[in-house]
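400 is the number of the first residue of the sequence shown in this note's numbering; add one for each residue after it.
A virtual CB, placed ideally from N, CA and C, is assigned to each residue, including glycine.
Remarks on the structure that follows.
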Amino acid sequence: MAEIYNLSMIPKVQFPDIKQEDFEDAFQVMQEAYVVASEDAPVYSFTHPFCGPGGEYGACWWQLDTSLALCGAKWVNHKFAENVLRGFTTVQREKGRIPLHGPDVLLDPEHKCSSVPKLFQAAYEVLERTHDNALLDEIYPLLKGYIDWWLSDRIEEKTGLIYAIVEEYLPGRNVPLCSLETNIEVVVGCKVVSKLARRLGKIEEAEYYKAKMLHHSNLIRTLLWDDEKKIFMSYDPLTGAFEGKIYSTIFDVMKNGVASDEQIDYLLSYLTDDSLFQWNTVCLTTAAKTDKCYNETPGRYAACQWEGSIWSMRNYTVIEGLDDIGRFDLSAYLSWKTVTLFSGNFAEFLNPPDGSGHGVKRYVWTASQYVQILIERIFGIRYSNYLGSVSIMPNIPPICYGKKLSLCDLLLPGGARMDVDITSTIDGSEITIKYNITPGDIKDNKKLVVALPSYGNSYKAVSCDYEVCKHNRGNICQTESLITLIPGEKTISGEVKFVK
400 MAEIYNLSMI
410 PKVQFPDIKQ
420 EDFEDAFQVM
430 QEAYVVASED
440 APVYSFTHPF
450 CGPGGEYGAC
460 WWQLDTSLAL
470 CGAKWVNHKF
480 AENVLRGFTT
490 VQREKGRIPL
500 HGPDVLLDPE
510 HKCSSVPKLF
520 QAAYEVLERT
530 HDNALLDEIY
540 PLLKGYIDWW
550 LSDRIEEKTG
560 LIYAIVEEYL
570 PGRNVPLCSL
580 ETNIEVVVGC
590 KVVSKLARRL
600 GKIEEAEYYK
610 AKMLHHSNLI
620 RTLLWDDEKK
630 IFMSYDPLTG
640 AFEGKIYSTI
650 FDVMKNGVAS
660 DEQIDYLLSY
670 LTDDSLFQWN
680 TVCLTTAAKT
690 DKCYNETPGR
700 YAACQWEGSI
710 WSMRNYTVIE
720 GLDDIGRFDL
730 SAYLSWKTVT
740 LFSGNFAEFL
750 NPPDGSGHGV
760 KRYVWTASQY
770 VQILIERIFG
780 IRYSNYLGSV
790 SIMPNIPPIC
800 YGKKLSLCDL
810 LLPGGARMDV
820 DITSTIDGSE
830 ITIKYNITPG
840 DIKDNKKLVV
850 ALPSYGNSYK
860 AVSCDYEVCK
870 HNRGNICQTE
880 SLITLIPGEK
890 TISGEVKFVK
């Protein structure tokens, strides 16, 4: 069988409570779910290799699982990630719909469905990094068609919100619901398609989807907010009332500027209330512990486990939202909790009382998001060929202050390799970031950004030019330099010291 990776592609990580063998095993989980597919031997019409969910779910692509697998896999095999996107172009159905999974037979032909559309963000992260100039032209029609399907076939007439059925929201039912998570992902889809259209010079389309994003954000902000209870809730179009259940999806609205400042204040009070989502213990439960739907059900997967168990996908979305609103202190904490809970425990979901893994024990999106959180959210590595930049912006949880953190031999698109070493004082008042970047196979001119986020007192960079940027409720101290990576030339090294 072909491989997503070989051991030389996997970076070396030094981080408290994370073992290198567990980090490597996360990639092995993805490898075990690798499915060979080609134009001559497609798998449910998918013509490129992909990752299935893992375990008993078998050799089948799923829109949600196969998309989330890209989040980690792209860091060891970017070409594989690019080709998965090409595979999605061969399974797109009528009006742009991408099915829930390969068989596409859950409902009768009049009610074909998709699933929570995580493809938009996953695809953007691949397209942002790629050196393949033709890829964007190939994938833009896929994403445009998919968002058009949501904005046509899934509009609830009375409110204009997106309604969802089956696994277009989770836990999902065979009746429609204007779900918070689905509506937020459609906002993400509009944003992604708008940005890609602008890159392609399709200005009219870019403005159209930007307007859709803003309009839909406003619908969520106003129609899914229960002003009496001061909380967001999904809306049941059959009853004309809020669903009434308090899921962790209420925090999805922190993404992309959807929630107002006042609404965010309420959300943060719920998030950090240990009696609700167990913030101080085993977080985050997918439903508030005080809600009547809350349950702790170990064993095989059942829909009820979206109403209490801990899922990496739910946690990651909250981490994204916390970063978007500048609460870097809270996102650092949740990132640390998530990777330590799931390290060496890449199960489908965790049971809150003890953090034990259940469902499929080696679940692909869990392993993939574990890798993504470590590399992108904690070490803060971002590579953008489109923007011409490499960024190092670690978000360090205070429990790691005074300890050496490192991520070495990280593979970048184009074959370059990066080492990042982070040291800090025990109180976090001084943090030093050292880096080495070894050129790859292509000449690469990049803006190197080394930065440090904070909530509260901002950092200052020592002995170099810097800028402190306000980022919603937080601050980012940022330095910039220009680098040129030339094949066969020497490694570029440097360090930046930050002090409060």
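Going straight from the alpha carbon of SER616 to that of ILE885, what length do you get? 44 Å
Quick one, are the C-beta atoms of ILE798 and PRO415 less than 9 Å apart? yes
Three-state secondary structure (DSSP) at GLY858? In the sequence on display, residue 858 carries Tyr and not Gly. Residue state, collapsed to three classes: coil.
Would you mind giving the Cβ-Cβ distance between TYR900 and VAL475, rounded to the nearest angstrom? I have them listed as a contact below 8 Å. The chain is shown from 400 up to 899; residue 900 falls before or after that span and cannot be answered.
If you draw a straight line from the C-alpha of HIS614 to the C-alpha of TYR562, how long is it? 16 Å
Within the region 698-751, ranges of the alpha helix (DSSP H) (whole runs, at least 4 residues): 711-723 and 727-741
ILE417 bridges to which residues according to DSSP? PHE414
Where the beta strand (DSSP E) containing ALA850 begins and where it ends: 843-853
I'd like the list of long-range same chain contacts for GLU604, defined as Cβ closer than 6 Å, with 5 residues on each side in sequence excluded. ALA596
Have a look at ASN679 and ASP672 and give me their C-alpha separation to the nearest angstrom. 8 Å
Whole angstroms are fine: how far does the CA of PRO575 sit from the CA of MET653? 24 Å
Rounded to whole angstroms, how far is the Cβ of GLY873 from the Cβ of PRO852, which I believe are closer than 8 Å? 6 Å
In chain order, which beta strand (DSSP E) runs of at least 3 residues are fully inside the region 757-828? 780-783, 788-791, 804-810 and 816-823
With CYS692 as the anchor, note down where its beta strand (DSSP E) starts and where it stops. No beta strand (DSSP E) holds CYS692; DSSP gives it neither H nor E.
Using 9 Å as the threshold, is the C-beta distance between LEU806 and LEU847 below it? no
Quick check for students: name the residue ranges of the alpha helix (DSSP H) that lie wholly in the region 527-557, counting only runs of 4 or more. 534-552
Pull up the CB-CB distance for SER513 and GLU567, whole angstroms please, since I reckon it's below 8 Å. 6 Å
Alpha-carbon to alpha-carbon, GLU719 and GLY656: 11 Å
Tell me where the beta strand (DSSP E) around CYS868 begins and ends. 866-870
Proximity below 9 Å, CB of GLU431 to CB of ARG699: no
Own chain, CB closer than 6 Å to LEU569, minus 5 neighbours either side, in chain order: TRP705
Go ahead and label ASP651 buried or exposed: buried means 16 or more other beta carbons lie within 10 angstroms of its beta carbon, across all protein chains shown. buried
Would you give the residue range spanned by the beta strand (DSSP E) that ILE882 belongs to? 873-884
Taking the alpha-carbon positions, what's the PHE778 to PRO697 distance? 33 Å
Between which two residues does the alpha helix (DSSP H) harbouring PHE479 extend? 477-488
For GLN413, which option in LEU518, LEU469, LYS802 and THR621 has the closest C-alpha, if you only look at C-alpha atoms? LYS802
Is there contact here, the region 726-739 with the region 853-867, by at least three beta-carbon pairs under 8 Å? yes
Comparing the C-beta of ASN844 with each C-beta of chain C, is any distance below 9 Å? The structure shown contains no chain C; it is built from a single protein chain.
Closest by CA to CYS450, which one among LYS411, GLY501 and GLU493? GLY501
On the DSSP bridge assignment, give the partners of PHE422 in chain order. Answer by DSSP bridge pairing: none, since PHE422 is not bridged.
Taking C-beta to C-beta, are ALA646 and ALA701 nearer than 9 Å? Residue identity check: residue 646 is Tyr in the sequence provided, not Ala. No, Cβ-Cβ distance for TYR646 and ALA701 is not below 9 Å.
Beta strand (DSSP E) containing ILE891: first to last residue? 891-898
Measure the CB-CB distance between GLN477 and ARG528 and report whether it falls below 9 Å. For clarity, residue 477 is His in the given sequence; the question names Gln instead. Yes; because the gap between Cβ atoms is below 9 Å, this pair is in contact.
Report yes or no: do three or more beta-carbon pairs, one from the region 446-464 and one from the region 786-796, lie closer than 8 Å? no
Measure the Cβ-Cβ separation of VAL861 and LYS896 and say whether it is below 9 Å. yes
Contact defined as beta carbons within less than 8 Å: I believe VAL587 pairs with LYS543. What is the distance between those atoms, to the nearest angstrom? Going by Cβ atoms, the distance from VAL587 to LYS543 rounds to 14 Å, so no, they are not a contact pair.
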